[in-house]
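Here's the structure we're looking at; comments come further down.
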Amino acid sequence: FKGAFRVVANDGQLGGTLGRYAVQISKAKKIAVIDDKTAYGEGVAKEFMKGAKGKGAEIVVQEHTTDKSNDFAAILTTIKAKQPDLIFFGGMDAVAGPMLRQMKAL
1 FKGAFRVVAN DGQLGGTLGR YAVQISKAKK IAVIDDKTAY GEGVAKEFMK GAKGKGAEIV
61 VQEHTTDKSN DFAAILTTIK AKQPDLIFFG GMDAVAGPML RQMKAL
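Read in the UniProt record's numbering, the sequence shown has 58 at position 58, and its numbers run on one by one without any break.
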């Protein structure tokens, strides 16, 4: 190929669409939101919450981590106590992988 193109949605398009999807398709009513305090993570999480709330979901807890964190036990324990139907993470995959492993361990 002579070229490759990648189209990336802005925070409003991506986060809003995922928020609406979480409610309409995944049928989530109680949602927990985590972001990594980066411009991307906070922005997409904010738009996700707007999209989800607009379709009737309740955000039961919002937590923050950093893009350098690797221990999520405290925030995941707090979230587990709220019994959400769905957890949304606004951030990069370098943080999401370790977080997902810790979620499974709880």
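Positions of the beta carbon are idealized from the N, C-alpha and C atoms, including for glycine. In this text, all values refer to a predicted model and were calculated from it rather than measured experimentally.
Counting along the chain, where does the beta strand (DSSP E) carrying D35 start and finish? If you number the sequence shown from 1, residue 35 lands on position 35. K30 to D35 is the span of the beta strand (DSSP E), which, as asked, contains D35.
What span of residues does the beta strand (DSSP E) with I25 cover, start to end? Here residue 25 corresponds to residue number 25 of the sequence shown, with the count starting at 1. Segment: none, I25 is in no beta strand (DSSP E) and carries neither H nor E.
Distance CB(V61)-CB(T38) smaller than 8 Å: Your numbering for residue 61 matches position 61 in the sequence shown. Your numbering for residue 38 matches position 38 in the sequence shown. No, they are not a contact pair.
Write down the C-beta distance between E32 and K82 rounded to the nearest angstrom, noting that I regard them as a contact closer than 8 Å. Sequence index remark: in the sequence shown, residue 32 carries index 32 (1-based). Sequence index remark: in the sequence shown, residue 82 carries index 82 (1-based). A small correction: the amino acid at residue 32 is Ala; Glu does not occupy that position in the sequence shown. Indeed they touch by this definition, with Cβ atoms about 6 Å apart.
Quick one: grab the DSSP three-state call for L100. Locating residue 100 in the sequence shown gives position 100, counting from the first residue. Helix.
Rounding to the nearest angstrom, what Cα-Cα distance links N10 and A96 in this structure? Sequence index remark: in the sequence shown, residue 10 carries index 10 (1-based). Sequence index remark: in the sequence shown, residue 96 carries index 96 (1-based). So the two alpha carbons sit approximately 20 Å from each other.
Below 7 Å CB to CB, which residues in the same chain sit around F89 once its five sequence neighbours on both sides are set aside? What you label residue 89 is simply residue 89 of the sequence shown in a count that begins at 1. Closer than 7 Å at the Cβ level, and outside the excluded window around F89, lie I34, A96 and M99.
So, with DSSP's three-state summary, where would you put V8? Position 8 of the sequence shown, counted from the start, is the residue given in the question as residue 8. Coil, per DSSP.
Determine which residues share a DSSP beta bridge with I59 and list them. Within the sequence shown, numbered from 1, the residue matching residue 59 stands at position 59. According to DSSP, which records beta bridges pairwise, I59 is partnered with I31.
Could you spell out the range, first to last residue, of the beta strand (DSSP E) harbouring G41? Within the sequence shown, numbered from 1, the residue matching residue 41 stands at position 41. Premise fails: G41 lies in the alpha helix (DSSP H), A39 to G54, not in any beta strand (DSSP E).
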